[in-house]
Amino acid sequence: MDRIRITGGNELHGIIPISGAKNAALPLMIASLLTDDTLTLENVPHLADVEQLIRILGNHGADISVNGRRERQGESYARTIHFTCRNIVDTTAPYELVSKMRASFWVIGPLLAREGKARVSLPGGCAIGTRPVDLFIEGLAALGANIEIDSGYINATAPTGGLIGARYVFPKVSVGATHVMMMAATLANGTTTIGNAAREPEVVDLANCLNAMGAKITGAGTSTITIEGVTSLSGARHRVLPDRIETGTYAMAVAMTGGDVILEGTDASLLDTALEAIRRAGAEITPTETGIRVYRNGGGIKPVDVVTDPFPGFPTDLQAQFMGLMTRSSGVSHITETIFENRFMHVQELARLGARITLSGQTAKIEGVPRLKGAPVMATDLRASVSLVIAGLVAEGDTMVSRVYHLDRGFERLEEKLTRCGAIVERVTD
Ligand code: EPZ
């Protein structure tokens, strides 16, 4: 099993190309099930989760071809992938596939809308929490679907004649349930209004792509989304938006090590709240023509309190990385996690590097320390594992991160991107 060895101490200087967003690419790929025409996605990142979803979509009947090509955007291997699902050959998403990647559960929306039925395994919990699916069930039921849970599967069927547009207000904001309801409603009879919808940029990206396919969606990016149902969707060509979580992660890495880096091919407006927190911690951040410049010279890292929230709040997917940064601040900071109940698995691993963190309920108190010391640590989930990399970049000596398959799910060529900016990061294959 691969591990990553980081030898701390070097500043970061150079250019880091930002990849297409994993969390936009996944729902966009799933949207290809809504049409018998070809959906072409550009700027798709090369990640384990994308490869897994390619297998899952293939299982439903999608024909998928990949054109790798080097894009100008730095040295990024953004890929263009064509998805054509002439016929849905199987409306079941089995446990063996759904249990490997939670987002694959989202196929329930397109399958139900296009075929009138779907049998999808319940995804179960994961390292960051129990992660129920009640909001999906209620949302789809509001569109007229009959839903039964049987032997670990959700059996969903649409009424004869298809799903029916409705007004539904989510009791809690959910990115995935917003994606699914929006996809399902594109082919429903009549108009659907989703209240308390997720406002994440990835929801907007999906709505833009669905509209390019012929859907009639307005309001994406606000908390009320309106979808006027159409009888069919066509193919389209769509470019996946830049990864705001990867952007924020590298911005925090630079804030941690000091140095001067251009994050290329990204957009500061995707993560205003997080960038503001990094600025308050002492880094300078300025937009450039091709992305953003992050630099910190001289001054130390200041303590900053953050609370995670749905967009436009501070993203839960950057919580662990920000905690990594705060381990070296010159004072005491507090980080409160409000989205997932168990997203603090990195705390004990950061402590192995010498961090001083105490947990009280959903809040971590971080007392900054003058130095961290390299140690063997274990990745527990995708974002937790990259927080260990950020800490490792300044830790004295070697930090060896095991279980790096978590990192490979969401960070494209991480060691190469960091190494090119002067870090000493090496993948070790046993
Ligand atoms: C998406 O997950 C992202 N995944 C997550 O990123 C991200 O952390 C999360 O949104 C929040 O921003 C993808 O986009 C593939 P939610 P999702 O439904 O959609 C509760 C990463 O590291 N909830 O918005 O699954 C849920 O338990 C991943 O890239 C219900 O209670 O998250 C959580 O507390 C991890 N019932 C809250 O809502 C439901 O039916 C928000 O979850 C659904 C969700």
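Read the sequence shown against the working numbering and you will find it ends at 413, with the numbers running on by one and no gaps. Note that the Cβ used here is the ideal one computed from N, Cα and C, for glycine as well. This structure is a prediction, so every number in the text was calculated from the model and none was measured.
Delimiting residues of the beta strand (DSSP E) encompassing S316: Counting along the chain, S316 sits inside the beta strand (DSSP E) bounded by residues 315 to 319.
Heavy atom of ligand 1 less than 7 Å from the Cβ of D133, yes or no? The answer is no for D133.
Compute the minimum distance between the beta carbon of D188 and the heavy atoms of ligand 1, and state whether it is under 7 Å. If you check the C-beta of D188 against ligand 1, you find no heavy atom less than 7 Å away.
Per DSSP, cross-strand counterpart(s) of D188: BP columns for D188 are empty, so no partner.
Could you check which residue in D381, D226, A264 has the C-alpha nearest to that of L246? It is D226.
Is E185 near ligand 1, judged by its Cβ being under 7 Å from some heavy atom? The closest heavy atom of ligand 1 lies less than 7 Å from the beta carbon of E185.
If you follow the alpha helix (DSSP H) that K457 is in, where does it begin and where does it stop? Given a span of -16 to 413 for the chain in the structure shown, any question on residue 457 remains unanswerable.
Buried/exposed call for N6, threshold 16 Cβ in 10 Å: Residue environment: N6 is assigned as buried (16 or more neighbouring CB atoms within 10 Å of its CB, all protein chains considered).
Beta strand (DSSP E) containing L355: first to last residue? For L355, there is no enclosing beta strand (DSSP E), since its DSSP letter is neither H nor E.
With L11 and H43 assumed to form a contact (beta carbons below 8 Å), what rounded beta-carbon distance in angstroms separates them? Their Cβ separation, rounded to whole angstroms, is 15 Å, which puts L11 and H43 out of contact at 8 Å.
Between which two residues does the beta strand (DSSP E) harbouring M383 extend? Unbroken beta strand (DSSP E) run through M383: 381 to 385.
Relative to ligand 1, is the shortest distance from any of its heavy atoms to the C-beta of N194 smaller than 7 Å? For ligand 1, not one heavy atom lies less than 7 Å from the Cβ of N194.
Within 8 Å, strictly: CB atoms of V237 and L(-5): It is a contact, given that the beta carbons lie within the stated cut-off.
Based on the DSSP secondary-structure assignment, which residues constitute the bridge partners of P298? DSSP, once it has assigned bridges, lists no residue as partnering P298.
Compute the beta-carbon to beta-carbon distance between I39 and T230, rounded to the nearest angstrom, for a pair I have assumed lies under 8 Å. That belief does not hold up - the Cβ atoms of I39 and T230 are roughly 27 Å apart, past 8 Å.
Taking the alpha-carbon of A180 as reference, which of L94, P295, G127 has the nearest alpha-carbon? Nearest to A180 by C-alpha distance, out of L94, P295, G127, is P295.
Can you name the start and end residues of the beta strand (DSSP E) that I228 belongs to? Unbroken run through I228 is the alpha helix (DSSP H), 227 to 240; no beta strand (DSSP E).
Start and end residues, beta strand (DSSP E) containing K155: Counting along the chain, K155 falls outside any beta strand (DSSP E), and DSSP gives it neither H nor E.
Quick one: what's Y151 bridged to in DSSP? Partner(s): I177.
8 Å contact criterion, which R(-14) and D19 should meet: CB distance rounded: Their Cβ separation, rounded to whole angstroms, is 44 Å, which puts R(-14) and D19 out of contact at 8 Å.
Hey, how far is the Cα of K155 from the Cα of T161? Those two C-alpha atoms are separated by around 10 Å.
Check whether Y233 and V223 have beta carbons under 8 Å apart: No; because the gap between Cβ atoms is not below 8 Å, this pair is not in contact.
Starting from the Cα of F323, find the closest Cα among G380, T346, A61 and give me that residue. Looking at G380, T346, A61, the one whose alpha-carbon comes closest to that of F323 is T346.
L246 in three-state terms, based on DSSP: DSSP places L246 in strand when its eight states are reduced to three.
Closer than 6 Å by C-beta to A203: which residues in its own chain qualify, once you throw out the five before and the five after it? Chain order, please. Apart from the 5 residues on each side of it in sequence, A203 sits with its Cβ closer than 6 Å to the Cβ of V186, V187, A190 in its chain, given in chain order.
Express the C-alpha separation of T63 and G357 in angstroms, rounding to a whole number. Those two C-alpha atoms are separated by around 39 Å.
Within the chosen definition, does the stretch 261 to 270 reach the stretch 403 to 413 through at least 3 CB pairs nearer than 8 Å? The stretch 261 to 270, when compared against the stretch 403 to 413, does not touch it at the 8 Å Cβ threshold.
Going by beta carbon distance, what residues of the same chain come within less than 8 Å of A124, once the five residues before and after it are set aside? Shown here for A124: same chain residues with a beta carbon closer than 8 Å to its own, the five before and five after excluded, namely I130 in chain order.
Among residues of its own chain, excluding the 5 on either side of E398, which ones have a beta-carbon nearer than 7 Å to its beta-carbon? Result list for E398: I(-13), V408, E409, R410, in chain order.
Looking at C-beta atoms only, is the number of pairs between the stretch 28 to 39 and the stretch 202 to 219 that lie closer than 8 Å three or more? These segments do not touch.
From the DSSP output, in three-state form, read off F88 for me. Looking at F88 - three-state DSSP - the assignment turns out to be helix.
In chain order, what residues of the same chain lie with their CB nearer than 6 Å to the CB of N194, ignoring the 5 residues before and after it? Apart from sequence neighbours up to five positions away, the residues of its chain that approach N194 with a beta-carbon distance below 6 Å are I200, ordered along the chain.
Same chain, Cβ closer than 6 Å to D46, neighbours up to 5 away in sequence not counted: Taking D46 as the centre and dropping the five residues before and after it, the same chain places the C-beta of T67 closer than 6 Å to its C-beta, in chain order.
R366 - DSSP class collapsed to helix/strand/coil: In this structure, R366 counts as helix in the three-state DSSP scheme.
What residue range is occupied by the uninterrupted beta strand (DSSP E) comprising H(-4)? Where H(-4) is concerned, the enclosing beta strand (DSSP E) stretches over -5 to 0.
What does a CB cutoff of less than 8 Å around N(-7) pick up in its chain, not counting 5 residues either side in sequence? Result list for N(-7): T240, L376, G405, A406, I407, in chain order.
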